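Asks: Just so you know, the sequence shown maps onto residues 1100 to 1335 in the numbering used here.
First the structure, which I've put down as structure tokens, then a few questions once you've had a look.
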Amino acid sequence: KGIEGGIQKREQSEDQIFNYISVSSVEEFSKKIEENGGILSSPKITVPGVGYFYMLPEVKAIIDTYKEEEENLVSFLERAISYYGKQKNLDRDLWVRTRDEMKMMLIGKTTFNQLIAAAEAPQEALDKPFKKNVAIDLILWYTEKPLKNLTVDEIITTIQKIWVVANYFYKIDVHKEGDEFHLLFKHRQNKRYSRYWLGYFTELFSTEELAYQCITEGQVFDETLSMTIKIGYKKK
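Take a look at the structure:
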């Protein structure tokens, strides 16, 4: 009573096995298991106002280690969740402080390794970082869309967000006129820095993986990069 199950065949076999089990009362189910000589591998936990549920032994061990002697489970879980939230906030606050106060930047492992390699080969100092980086990976991660489904507008909006958060630029202004985007990247570095990012984004908007053909132009200054991106035809 109150217990239902379903069966399915094993792959490449005529044998049948239980695929799922549904119970209306965990307490009733556990009693039936024990009455028939069964063993429950996960300890049963009682939560006042909620009922019974089961958890992995290692999770139960953590609770037993950190829960105060007279503390009930609900109080402990509330405290644990609050602590977890505070730790996540501390990590975020630490990044914001290092970015704002220490002027630190986020840099992908691939780009970092290419910059180190470039230092050993000055004649190729900028070529490799232009062509081997994680720009597309970041855009896909942020948008959660296939690259072929992204509009140029969405790609630029993502750059405007992530590249400022990562502290590569303190501001990116975007102005759209018809099928052209005018971007102004503002930083506090030098002209070489502007030149690097011009090559980087020119390479990005020239990649065959984008849904649209793009034509790029740019000018570099000591603390500013100016770029124009014109949208061409949509690729098949």
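Note that the Cβ used here is the ideal one computed from N, Cα and C, for glycine as well.
Keep in mind the model is a prediction, meaning the values are calculated, not measured.
1) Rounded to whole angstroms, what is the Cα-Cα separation between Phe1320 and Tyr1295?
2) Leaving out the 5 sequence neighbours to the left and right, which residues in its chain are closer than 6 Å to Asp1272 when beta-carbon positions are compared?
3) Excluding five sequence neighbours on each side, which residues of the same chain lie with their C-beta closer than 8 Å to the C-beta of Val1263?
4) Counting along the chain, where does the alpha helix (DSSP H) carrying Val1273 start and finish?
5) Which runs of the alpha helix (DSSP H), 4 residues or longer, sit entirely within the stretch 1285-1310?
6) Let's test the definition: count the other Cβ atoms within 10 Å of the Cβ of His1286 and tell me whether it reaches 16, buried, or not, exposed.
7) Which residues in the same chain have their Cβ closer than 8 Å to the Cβ of Asn1266, if we skip the five residues on either side of it in sequence?
8) My assumption, with CB atoms under 8 Å, is that Ala1310 sits in contact with Lys1333. Please give the rounded CB distance.
9) Going by DSSP, name the residue or residues bridged to Glu1253.
10) How many whole angstroms separate the CB atoms of Leu1297 and Leu1324, which I take to be in contact at a CB cut-off of 8 Å?
11) Between Glu1169, Glu1168, Trp1194, Ile1161, which lies nearest to Ala1179 when the distance is taken from Cα to Cα?
12) Among the residues of its own chain, which have a CB less than 6 Å from the CB of Ala1234, if the five just before and after it don't count?
13) For the alpha helix (DSSP H) that contains Tyr1241, what are its first and last residues?
14) Taking the alpha-carbon positions, what's the Lys1290 to Met1326 distance?
15) State the start and end residues of the unbroken alpha helix (DSSP H) segment that holds Tyr1165.
16) May I have the straight-line CA-CA distance separating Asp1163 from Arg1196, to the nearest angstrom?
Replies: Checking against the coordinates, here is how it stands:
1) Cα-Cα distance, rounded: 11 Å.
2) Cβ within range, chain order: Leu1283.
3) Closer than 8 Å at Cβ, skipping near neighbours: Tyr1269, Lys1270, Ile1271.
4) That residue, Val1273, is in no alpha helix (DSSP H); its beta strand (DSSP E) goes 1270-1276.
5) Along the stretch 1285-1310, the alpha helix (DSSP H) occurs as fully enclosed runs of 4 or more residues at 1290-1305, listed in sequence order.
6) buried
7) Only residues of its own chain outside the window of five on either side were considered, and among them Arg1198, Lys1202, Met1203, Met1204, Leu1205 have a CB closer than 8 Å to the CB of Asn1266, listed in chain order.
8) Contact between Ala1310 and Lys1333 holds, since their C-beta atoms are separated by about 6 Å, short of 8 Å.
9) None, per the DSSP bridge assignment.
10) Contact flag correct, Cβ pair sits at about 6 Å.
11) Ile1161
12) Leu1303
13) Unbroken alpha helix (DSSP H) run through Tyr1241: 1234-1242.
14) Distance between the alpha carbons of Lys1290 and Met1326: 14 Å.
15) 1156-1165
16) 36 Å
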